[in-house]
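Down below is the structure, laid out as structure tokens.
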Amino acid sequence: MNMVLRELRANTRALVIWSVCMFLCVLSGMAKFTAYTSATATGPSINDLLKTMPTSIKALFGFASFDMATMSGYLALLFIYVELVAAIHAALLGAGIIAKEESDKTTEYLMVKPVSRTAIVTSKLVAALLNVIVINVVTLVSFLIVVPLYSKGSNASGEVLMMTLSMFVVQLIFLSFGAALAASMRNPRASGSIASGTVLTAYFLARITDMSDKLRFLNVITPFKYFDLGRIVAGHGLNLGIVLLSLALVAAFSVLTYVFYQKRDLNI
Amino acid sequence: MNVIEIKNLTKYYGKARGVIDVSIEVEQGEVFGFIGPNGAGKSTTIRTLLGLIYPTSGSARIFGKSCTTNPEVREDVGYLPSEVFYYDGMRVIDLLRYSASFYRKDCTKRINELAEIMDLDLKRRIDDLSFGNKKKVGIVQGLLHGPKLIILDEPTTGLDPLMQQTFFDLIDSENKKGATVFLSSHILREVQKMCERVALIKDGRIIKLERMSALQENNFKRIKVEGLSNLDKTIFDMPGVSKLENGGKTASFLYRGDINNVIRKLAQTEVSNLSIDEPDLEEVFMHYYSKDG
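For the record, the sequence lines run as chains A and B. Using the working numbering, you'd call the opening residue of the first sequence number 7 and step up by one each time. Using the working numbering, you'd call the opening residue of the second sequence number 14 and step up by one each time.
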């Protein structure tokens with residue numbers, strides 16, 4: 007418990023900054039919604055404009071298949087970026103919290119206390135999980151506050167709830183991935199950059215697979231594609247099977263974190 | 014009971030040598046010295062003992078248990094690392110309270126006592142402290158739970174001479190209360206002063222493990238001779254003499270062997286002054302090290 011509190015305290019400032027960024031990200035993203043929809047009075051609507059764009063370009067920016075003139079369609083587009091931010095946070099946090107003792111040279115301090123490495127990893131993962139939950143709730147609340155300002159009466163809170171729920175699963179995947187990475191590496195200081203690089207790679211992979219149906223098999227290696235936003239927009243919620251498979255992946259990464267951290271010589 | 018049991022410990026970092034075939038036993042209540050130059054493998058031995066790294070082969074146990082499988086044995090271990098690093102943005106008292114939170118006893122009183130002894134301001138931010146003051150924090154946090162085994166790795170670096178004395182007095186009183194002390198250092202003076210037994214390590218191997226008294230007494234005498242006239246240059250050309258410095262009326266050397274042989278030689282010459290001392294450990298130490306290259 008003392009270690010969890012210590013980790014929470016150490017991460018407070020970063021958590022506040024990420025939370026503010028998340029809110030601003032949602033706010034500034036939603037502010038463009040008016041521009042997208044109100045353009046119909048003076049010129050072509052966003053959908054007309056998108057029709058003239060090549061599919062590959064649309065895919066790259068995430069416009070692929072949503073109706074931009076509707077709130078839920080627009081939300082799905084914006085959500086891709088919000089999820090990217092949350093995923094980077096989760097991956098950096100997971101890698102950082104495990105690597106921290108070694109990068110701050112506090113390994114000797116902590117490891118001579120009467121605690122097992124397993125207990126240390128558990129405390130760190132619990133603290134990281136709480137951080138990720140805060141980011142997720144902040145995102146949800148930001149959407150619930152900001153969306154009604156622009157939605158002109160139509161209620162999208164159901165979709166928002168489902169999207170942030172799916173985002174939570176994606177956050178967990180990247181968090182546990184980052185942790186397992188830092189636990190496995192001989193020099194865990196580099197784990198943060200590798201973890202965030204992996205997130206960006208997964209993100210671009212997710213955009214690329216939108217370009218052609220032939221590339222859809224790649225969706226299995228990018229968590230950004232595990233949850234079909236189109237399905238959420240259509241009001242069908244999350245696929246329970248995929249949620250369970252994702253959680254199994256999270257469990258696998260977590261187990262690897264424990265195993266690697268237990269086996270390795272720690273850097274001093 | 015042996016508090017520390019290191020058996021045939023070998024540790025390689027990849028291909029780099031850490032320690033090779035190190036065996037050490039430290040008994041309860043003992044003050045044990047661990048001496049060697051930088052990079053000889055002292056810290057590697059300690060880190061393996063504490064479970065921060067795994068042995069390549071052999072074993073290292075504290076109170077009969079390995080720190081990696083039984084981390085709870087560290088409950089009774091206090092450790093002062095050679096370089097101290099702490100978490101950012103904490104005050105001294107925050108860090109000490111955090112340290113204390115790992116032990117199942119109330120350490121508040123002891124923290125205040127130790128801070129008083131070591132002249133440490135508990136309200137300062139650790140980031141603002143000098144190296145020496147950080148070291149003091151390390152000392153307090155290593156001793157605040159009243160450990161039965163105290164492991165010190167180069168403990169006095171950064172401390173001024175007065176504080177070093179205070180520190181050794183503190184360790185001495187802990188030892189009198191029953192704590193076993195394992196003192197690793199490259200400074201022979203402090204080991205000589207404190208330790209009952211000593212192990213010399215060089216290039217990862219233990220080259221000597223002996224009682225401090227035996228190490229000093231049985232082997233060498235430091236002999237200084239002053240003659241009435243210039244001393245014959247060849248007079249001390251005999252087995253057992255080393256480090257001979259012969260200049261004019263005075264000669265000084267280390268002697269190992271039957272002391273009577275030297276006295277017979279000395280009797281052949283007119284001597285104005287003579288001293289026979291225990292050599293300090295430095296000289297013994299240099300002897301062992303230079304012998305092997």
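The beta-carbon is built from N, C-alpha and C at its ideal position, and this holds for glycine as well.
Next on the checklist: Let's see if you can read the secondary structure: which residues bound the beta strand (DSSP E) around Glu38 of chain B?
Outcome noted: Against the second sequence, residue 38 of chain B aligns to sequence position 25. Per DSSP, Glu38 of chain B belongs to the beta strand (DSSP E) from 29–40.
Next on the checklist: Let me confirm a value: Lys215 of chain B is counted as buried when at least 16 other C-beta atoms fall within 10 Å, else exposed. Which label applies?
Outcome noted: As a first step, residue 215 of chain B must be located in the second sequence, where it is residue number 202. Looking at its Cβ environment, which holds 16 or more other Cβ atoms inside 10 Å, Lys215 of chain B is buried.
Next on the checklist: Excluding the 5 residues flanking Ile219 of chain B on each side, which residues of the same chain have their C-beta closer than 6 Å to its C-beta?
Outcome noted: Taking the second sequence and counting its residues from 1, the one referred to as residue 219 of chain B is at position 206. Result list for Ile219 of chain B: Val35, Ala212, in chain order.
Checklist entry - If you compare alpha carbons, which of B:Thr170, B:Lys118, B:Gly102, B:Leu157 is closest to Ile139 of chain B? => result Against the second sequence, residue 139 of chain B aligns to sequence position 126. Per the Cα distances, B:Gly102.
Item to check | For Ala162 of chain A, three-class secondary structure by DSSP | outcome: As a working mapping, residue 162 of chain A is identified with position 156 in the first sequence. Three-state DSSP puts Ala162 of chain A in coil, outside helix and strand.
Checklist entry - What are the start and end residues of the alpha helix (DSSP H) that includes Ala275 of chain A? => result Here chain A covers residues 7 to 274 and nothing more, so residue 275 of chain A does not appear.
Next on the checklist: Quick check on the DSSP output: what are the complete beta strand (DSSP E) runs of length 3 or more inside the segment 124–175 of chain B, in order along the chain?
Outcome noted: 162–166
Checklist entry - Do His158 of chain B and Arg123 of chain B have their CB atoms nearer than 9 Å? => result In the second sequence, the residue the question calls residue 158 of chain B occupies position 145. In the second sequence, the residue the question calls residue 123 of chain B occupies position 110. In contact: His158 of chain B and Arg123 of chain B (Cβ atoms closer than 9 Å).
Checklist entry - In terms of residue numbering, what span does the alpha helix (DSSP H) encompassing Ile103 of chain A cover? => result Numbered from 1 along the first sequence, position 97 holds the residue referred to as residue 103 of chain A. Start and end: 77–109.
Item to check | Exposed unless 16 or more other CB atoms sit within 10 angstroms - verdict on Thr247 of chain B | outcome: On the second sequence, position 234 is the one that residue 247 of chain B refers to. Per the 10 Å Cβ criterion, exposed.
Checklist entry - In chain B, which residues lie less than 7 Å from Arg12 of chain A when you measure between Cβ atoms? => result What you label residue 12 of chain A is simply residue 6 of the first sequence in a count that begins at 1. Correct list: Tyr111.
Next on the checklist: Can you give me the C-alpha to C-alpha distance between Leu244 of chain B and Lys161 of chain B, rounded to a whole angstrom?
Outcome noted: What you label residue 244 of chain B is simply residue 231 of the second sequence in a count that begins at 1. What you label residue 161 of chain B is simply residue 148 of the second sequence in a count that begins at 1. Cα to Cα, Leu244 of chain B sits roughly 55 Å from Lys161 of chain B.
Checklist entry - Relative to the alpha-carbon of Asp132 of chain B, which residue among B:Ser242, B:Ile289, B:Leu183 has its alpha-carbon at the smallest distance? => result Position 119 of the second sequence holds residue 132 of chain B. Checking every option, the nearest Cα to that of Asp132 of chain B belongs to B:Leu183.
Item to check | Endpoints, the beta strand (DSSP E) within which Leu244 of chain B is located | outcome: Reading the second sequence from its first residue, position 231 is the one you call residue 244 of chain B. Unbroken run through Leu244 of chain B: none, as it is neither H nor E.
Checklist entry - DSSP three-state call for Ala240 of chain A: helix, strand or coil? => result Locating residue 240 of chain A in the first sequence gives position 234, counting from the first residue. Looking at Ala240 of chain A - three-state DSSP - the assignment turns out to be coil, as it is neither helix nor strand.
Checklist entry - Which residues in the same chain have their Cβ closer than 6 Å to the Cβ of Gly145 of chain B, if we skip the five residues on either side of it in sequence? => result What you label residue 145 of chain B is simply residue 132 of the second sequence in a count that begins at 1. So the qualifying residues of the chain are Gly171, Leu172.
Checklist entry - Relative to the C-alpha of Val153 of chain A, which residue among A:Thr58, A:Thr40, A:Asn273 is closest? => result By 1-based counting over the first sequence, the position of residue 153 of chain A is 147. Measuring from the Cα of Val153 of chain A, the nearest candidate turns out to be A:Thr40.
Checklist entry - Under a CB-based cut-off of 9 Å, is Leu249 of chain A close to chain B? => result Here the question's residue 249 of chain A lines up with position 243 in the first sequence. One point to set straight first is that residue 249 of chain A is Val, not Leu, in the sequence displayed. It does not; no Cβ of chain B falls within 9 Å.
Next on the checklist: Less than 9 Å between the C-beta atoms of Gly100 of chain A and Ala186 of chain A, yes or no?
Outcome noted: By 1-based counting over the first sequence, the position of residue 100 of chain A is 94. By 1-based counting over the first sequence, the position of residue 186 of chain A is 180. Contact flag set, yes.
Checklist entry - Quick one: any contact between the segment 166–176 of chain A and the segment 119–137 of chain A, if contact means 3 or more CB pairs under 8 Å? => result no
Checklist entry - Cα separation between Leu84 of chain A and Ser157 of chain A? => result As a first step, residue 84 of chain A is located in the first sequence; it is residue number 78 there, counting from the start. As a first step, residue 157 of chain A is located in the first sequence; it is residue number 151 there, counting from the start. Near 14 Å, if we compare the C-alpha coordinates of Ser157 of chain A and Leu84 of chain A.
Checklist entry - Which chain A residues are close to Arg74 of chain B, counting only those with a beta carbon under 8 Å from its beta carbon? => result Against the second sequence, residue 74 of chain B aligns to sequence position 61. Those within 8 Å of Arg74 of chain B in chain A number zero; the least Cβ separation is about 15 Å.
Checklist entry - Which residue comes first and which comes last in the beta strand (DSSP E) that contains Gly260 of chain B? => result Translated into positions along the second sequence, residue 260 of chain B becomes position 247. Taken as a continuous stretch (DSSP letters only), the beta strand (DSSP E) holding Gly260 of chain B covers 254–260.
Checklist entry - Interface residues of chain A around Ile66 of chain B at Cβ under 7 Å? => result Here residue 66 of chain B is taken as the residue at index 53 of the second sequence, counted from 1. Here the neighbours are Asp271, Leu272.
Next on the checklist: Only counting the same chain, and skipping five residues up and downstream in sequence, which positions put a Cβ closer than 8 Å to that of Pro84 of chain B?
Outcome noted: Working through the second sequence from its first residue, we reach residue 84 of chain B at position 71. If we look at Pro84 of chain B and ignore the five residues flanking it on each side, its Cβ neighbours are Gly64.
Next on the checklist: Between Ser226 of chain B and chain A, is the shortest Cβ-Cβ distance under 9 Å, so that the two count as touching?
Outcome noted: The sequence position of residue 226 of chain B within the second sequence is 213, counting from 1. No, Ser226 of chain B lies away from the interface with chain A (no Cβ there is under 9 Å from its Cβ).
Next on the checklist: To be precise: take each residue of the segment 219–232 of chain A, compare its Cβ to all Cβ atoms of chain B, and keep it if any distance is under 9 Å. Which residues remain?
Outcome noted: none
Checklist entry - Can you check whether the CB of Phe29 of chain A is closer than 9 Å to the CB of Ser148 of chain A? => result Within the first sequence, the letter at position 142 stands for residue 148 of chain A. Within the first sequence, the letter at position 23 stands for residue 29 of chain A. Yes; because the gap between Cβ atoms is below 9 Å, this pair is in contact.
Checklist entry - Whose Cβ in chain B lies nearer than 8 Å to the Cβ of Asn8 of chain A? => result Position 2 of the first sequence, counting from 1, holds the residue named residue 8 of chain A. Under the 8 Å cutoff, chain B gives Tyr111, Ser114, Phe115.
Checklist entry - Does any C-beta atom of chain A lie closer than 9 Å to the C-beta of Asp305 of chain B? => result As a working mapping, residue 305 of chain B is identified with position 292 in the second sequence. At Asp305 of chain B the pLDDT is 48, less than 50, meaning the model places this residue with poor confidence and gives no usable figure here.
Item to check | Cβ-based neighbour list, Val140 of chain A, same chain, cut-off 8 Å, excluding 5 preceding and 5 following | outcome: One-based indexing of the first sequence puts residue 140 of chain A at position 134. Taken in chain order, the residues that qualify are Leu21, Ser25.
Item to check | Under 9 Å between C-beta atoms of Arg210 of chain B and Glu18 of chain B | outcome: What you label residue 210 of chain B is simply residue 197 of the second sequence in a count that begins at 1. What you label residue 18 of chain B is simply residue 5 of the second sequence in a count that begins at 1. No, these two residues do not count as a Cβ contact at 9 Å.
Item to check | Environment of Asp216 of chain A [buried if 16+ CB atoms lie within 10 Å] | outcome: Residue 216 of chain A sits at position 210 when you count from the first residue of the first sequence. Result: buried.
Checklist entry - Are Val166 of chain A and Leu262 of chain A close, meaning C-beta to C-beta below 9 Å? => result Here residue 166 of chain A refers to the residue found at position 160 when the first sequence is read from its first residue. Here residue 262 of chain A refers to the residue found at position 256 when the first sequence is read from its first residue. In this structure, Leu262 of chain A does not lie closer than 9 Å to Val166 of chain A by Cβ.
Next on the checklist: So if DSSP puts Asn53 of chain A in a beta bridge, which residue, or which two residues, is it bridged to?
Outcome noted: For the purposes of this step, residue 53 of chain A is identified with residue 47 of the first sequence, where counting begins at 1. Per DSSP, none; premise fails for Asn53 of chain A.
Next on the checklist: Using 8 Å for Cβ pairs, my map puts Lys206 of chain B next to Phe249 of chain B. What's the rounded Cβ distance?
Outcome noted: Looking up residue 206 of chain B in the second sequence gives position 193. Looking up residue 249 of chain B in the second sequence gives position 236. Incorrect: roughly 31 Å between the Cβ atoms, too far for contact.
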